[in-house]
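S.K.: Here it is: the structure, laid out below.
2 protein chains.
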Amino acid sequence: MRDFNEITAFFIKEFDAEIGRISEQQPQNLYEPILYSLKMGGKRIRPSLLIFTYNLFKSDIDKALPLAIAIEMFHNFTLLHDDIMDKSVLRRNMETVHVKYSENTAILSGDAMSILSYEYLLKTENDNLKEILALFSKTALQVCEGQQFDMDFETSDKVNVQDYLKMIGLKTAVLLAASLKLGAILANAERDTSNTLYEIGYNLGIAFQLQDDYLDTYGDTALFGKNIGGDIYSNKKTFLLIHALEYANLQQKETLNYWIGFHNPSKQEKISAITSLYNELNIKEKTLSEIDKYFNRAKELIAQLPLSPPQKNALLSIANSMMNRNN
Amino acid sequence: MRDFNEITAFFIKEFDAEIGRISEQQPQNLYEPILYSLKMGGKRIRPSLLIFTYNLFKSDIDKALPLAIAIEMFHNFTLLHDDIMDKSVLRRNMETVHVKYSENTAILSGDAMSILSYEYLLKTENDNLKEILALFSKTALQVCEGQQFDMDFETSDKVNVQDYLKMIGLKTAVLLAASLKLGAILANAERDTSNTLYEIGYNLGIAFQLQDDYLDTYGDTALFGKNIGGDIYSNKKTFLLIHALEYANLQQKETLNYWIGFHNPSKQEKISAITSLYNELNIKEKTLSEIDKYFNRAKELIAQLPLSPPQKNALLSIANSMMNRNN
């Protein structure tokens, strides 16, 4: 069993070599933005997880590369199109594709990336290819559904915590879950094991997204790497805000709506007012407890896997590191 | 062998039933625009051709339905995204999706349609599935490349006739070609036969697109169903304009560029001036001869197919009817 960091390094090296070939393809105006978007970087967590789970059962990790590339290609396609829809101008401190090139370029290059992800899928030589394709497509469609729910929520005042958990499940957790499961299916693992790996990824994905929401308000700026309160300032429908809107009393709701509707407020004042309200409602504790619920469920499921103790420990350690935890 | 019209009617009935199911899916804001776009109609020529070629070799045409639906779904996805990129407000006299809903909706619903087309592909039960998927994906990517070349050409002054033929080959002809070939692969036809069917579709596709260009200038309004000269007025880089730009002498080029750069000209005056110039350059005859070249090649290839005379005649009659010809 290879170390996770070693697997990530292996993937990045192979991925970079592979996408290097894209630069030669014509029309340049289609392929250059694809290369640009793929070179923005990122932790390559999904393909690394896929190769890692494959490697739990098989040693020839080269065989998992096309599928790992497909997952990363698909993920980057969704980021590219999401950036257009969210009108984001920066991603990882670089101009987004629709800003650097044009919106039309971003639409079409994204479309091509979505198709390219299937091209890589098809390079997979495996008896379970049909099952792999079916899970990949189902997941891809769920990610689109998640993005639509997310956009719907931004203009709806009737979103509850359950809706929110379902949305992040689709938008974020299923792709992580599928990455783990695809590695297992590719390695011809037992069906129960593959399904458990899916559940682990799903629970981890939810925990991870909730933690992302949590850190925006309660994170340590130095560790978190972005400014505190950005989500609060932009009225983003996070777990915290939705929880607050659901459980606030009439007066608290009025205060929340006052700040949400305030055009051009003082950033510091708004963040501090809403954070106080979150504190009144014990949102910090409630969010932490929700994160723990999902994270603990993932850990329980890891313990149940029919794997060796070192294998389970390796998986646990990946899970902890995703959540920036040491224990 | 079933009649082509019968096959189209069969497809439309089954397709409408199938897409009816989409209306029940959530989120509604994702699936309703998909349904809207699929219900805009159209001749369903690609899926009908696919089923027709399948039916040349096998009688159980039900088996070809998922693949036929996939092709039609993919084609409509490209129309949806092209309409955003081209800023088209109407399609078949209905508001385009990005106008009726929003641009974000149109991007995301299109993405989902692209993935849905793979979901239908995967419903195909066939030993040649991998080959089918590979041809479908390759073709899908070529269509994106064609759209990019098309957009590039609009802002380039160095496009020649060869570039243009390559572009319409990618944007239009390969999907028609693939429709014919996919039906044959699905029916497990001989490789040579499938390849010839591909070439027939490709040549027909080029002939069809060139004829579309031709009719915009030289068509009969009553028969053509749209106003003459729309392409001329909007400076669309058709075969005619590219041919003119390539073969015009200095003075003719000056005249062309004068009208192309004229902001808000009289529509009638511009159309008539450029048509005169086309006439001077014998563009009418050259275009007709180019159409004939591709159409005749398609007919030659049909004659070479290892099929019965009634089968070849049926295919010839479809080709003629696509080109609105009786002979």
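The listed protein sequences derive, respectively, from chains C and A.
The first sequence runs 45 to 371 under our numbering.
The second sequence runs 45 to 371 under our numbering.
Where a beta carbon is used, it is the ideal one built from N, C-alpha and C, also for glycine.
If you draw a straight line from the C-alpha of F193(A) to the C-alpha of N73(C), how long is it?
M.R.: Cα to Cα, F193(A) sits roughly 8 Å from N73(C).
S.K.: Could you tell me the distance, in whole angstroms, from the CA atom of P110(A) to the CA atom of Y258(C)?
M.R.: When rounded, the distance between both Cα atoms is 45 Å.
S.K.: For E334(C), name the three-state secondary structure that DSSP assigns.
M.R.: If DSSP states are grouped into helix, strand and coil, E334(C) belongs with the helices.
S.K.: Should N371(A) be labelled buried (16 or more other beta-carbon atoms within 10 Å of its own) or exposed?
M.R.: Low per-residue confidence applies at N371(A): pLDDT is 49, beneath 50, and the placement is therefore not dependable, though the value from the model is reported in the following sentence. Per the 10 Å Cβ criterion, exposed.
S.K.: Would you say A222(A) lies against chain C (beta-carbon separation less than 8 Å)?
M.R.: No, no contact with chain C.
S.K.: Quick one: is D171(A) near chain C, going by C-beta distance under 8 Å?
M.R.: For D171(A), the answer is no, since every Cβ of chain C falls outside 8 Å of its Cβ.
S.K.: In whole angstroms, what is the alpha-carbon distance linking D106(A) and Y164(C)?
M.R.: Computed Cα separation, rounded: 30 Å.
S.K.: For a minimum of 4 consecutive residues, which ranges assigned as the alpha helix (DSSP H) are wholly contained in the stretch 67 to 127 of chain A?
M.R.: Here the runs fully enclosed are 72 to 82 and 89 to 101.
S.K.: Counting only beta-carbon atoms, is A184(C) nearer than 8 Å to chain A?
M.R.: A184(C) counts as touching chain A.
S.K.: How about P77(C) and V141(C): are their beta carbons less than 8 Å apart?
M.R.: In this structure, V141(C) lies closer than 8 Å to P77(C) by Cβ.
S.K.: Would T216(A) and Q253(A) qualify as a contact pair, given that the criterion is a beta-carbon distance under 8 Å?
M.R.: Cβ distance < 8 Å, so T216(A) and Q253(A) count as in contact.
S.K.: Does H125(A) get closer than 8 Å to chain C when you measure Cβ to Cβ?
M.R.: By this cut-off, H125(A) is an interface position.
S.K.: Which same chain residues end up closer than 7 Å to N326(C) when comparing Cβ atoms and leaving out the 5 residues on each side of it in sequence?
M.R.: Here the set comprises nothing.
S.K.: Which of helix, strand or coil does DSSP assign to R235(C)?
M.R.: If DSSP states are grouped into helix, strand and coil, R235(C) belongs with the helices.
S.K.: Where D155(C) and F121(C) are concerned, what is the direct C-alpha to C-alpha distance, given to the nearest angstrom?
M.R.: So the two alpha carbons sit approximately 8 Å from each other.
S.K.: How should S103(C) be labelled, buried or exposed, when 16 other C-beta atoms within 10 angstroms of its C-beta is the threshold for buried?
M.R.: Flag for S103(C) reads exposed.
S.K.: Where does the unbroken alpha helix (DSSP H) through A217(A) begin, and where does it stop?
M.R.: No alpha helix (DSSP H) holds A217(A); DSSP gives it neither H nor E.
S.K.: Along chain C, in chain order, which residues have C-beta atoms closer than 7 Å to that of A156(A)?
M.R.: Here the neighbours are L185 and C188.
S.K.: Within 8 Å, do at least three Cβ pairs link the stretch 220 to 230 of chain A to the stretch 179 to 194 of chain A?
M.R.: With the cut-off at 8 Å, the stretch 179 to 194 of chain A and the stretch 220 to 230 of chain A touch.
S.K.: For I362(A), which residues in the same chain have their Cβ closer than 6 Å to its Cβ, ignoring the five residues on either side in sequence?
M.R.: Closer than 6 Å at Cβ, skipping near neighbours: F48.
S.K.: Are the beta-carbon atoms of F118(C) and R88(C) separated by less than 8 Å?
M.R.: No. Outside cutoff.
S.K.: Alpha carbon to alpha carbon, how far is F197(A) from A342(A)? Give it in angstroms, no decimals.
M.R.: In a straight line, the C-alpha of A342(A) is about 27 Å away from that of F197(A).
S.K.: Taking C-beta pairs closer than 8 Å, name the residues in chain C that K174(A) reaches, listed in chain order.
M.R.: Ordered by position in chain C, the residues that pass the 8 Å Cβ test against K174(A) are L166 and L173.
S.K.: Which class does E169(A) belong to by DSSP, given the choice of helix, strand or coil?
M.R.: Coil, per DSSP.
S.K.: Taking all protein chains shown into account, decide if Y302(C) is buried (16 or more other Cβ within 10 angstroms of its Cβ) or exposed.
M.R.: Y302(C) comes out exposed.
S.K.: Check R135(A) in the structure and name its three-state DSSP category.
M.R.: Strand.
S.K.: If we count the other Cβ atoms within 10 Å of its Cβ and call it buried at 16 or more, is H307(C) buried or exposed?
M.R.: Per the 10 Å Cβ criterion, exposed.
S.K.: If you measure between the beta carbons of I315(C) and V203(C), is that distance less than 8 Å?
M.R.: Result no, Cβ atoms of I315(C) and V203(C) do not sit closer than 8 Å.
S.K.: Could you name the residues of the same chain whose beta carbon sits closer than 7 Å to that of A358(A), not counting the 5 residues immediately before and after it, in chain order?
M.R.: Result list for A358(A): M45 and F48, in chain order.
S.K.: Hey, could you find the ends of the alpha helix (DSSP H) V141(A) is sitting in?
M.R.: Unbroken alpha helix (DSSP H) run through V141(A): V141 to K144.
S.K.: On the criterion of 16 or more Cβ atoms from any shown chain inside 10 Å, does Q70(A) qualify as buried, or is it exposed?
M.R.: The residue is exposed, with fewer than 16 neighbouring Cβ atoms inside 10 Å.
S.K.: Could you check where the alpha helix (DSSP H) with I272(A) kicks off and where it finishes?
M.R.: Element bounds for I272(A): n/a, residue is neither H nor E.
S.K.: Check whether chain A comes within 8 Å of E116(C), counting only Cβ atoms and requiring the distance to be less than that.
M.R.: Not closer than 8 Å to any Cβ of chain A, the Cβ of E116(C) fails to qualify, so no.
S.K.: Straight-line CA distance for A114(C) to S161(C)?
M.R.: If you take the alpha carbons of A114(C) and S161(C), they lie about 4 Å apart.
S.K.: Can you tell me whether DSSP reads D47(C) as helix, strand or coil?
M.R.: D47(C) falls in the coil class under three-state DSSP.
S.K.: First and last residue of the alpha helix (DSSP H) that includes M366(A)?
M.R.: It spans P353 to M366 - the alpha helix (DSSP H) in which M366(A) sits, taken as one unbroken run.
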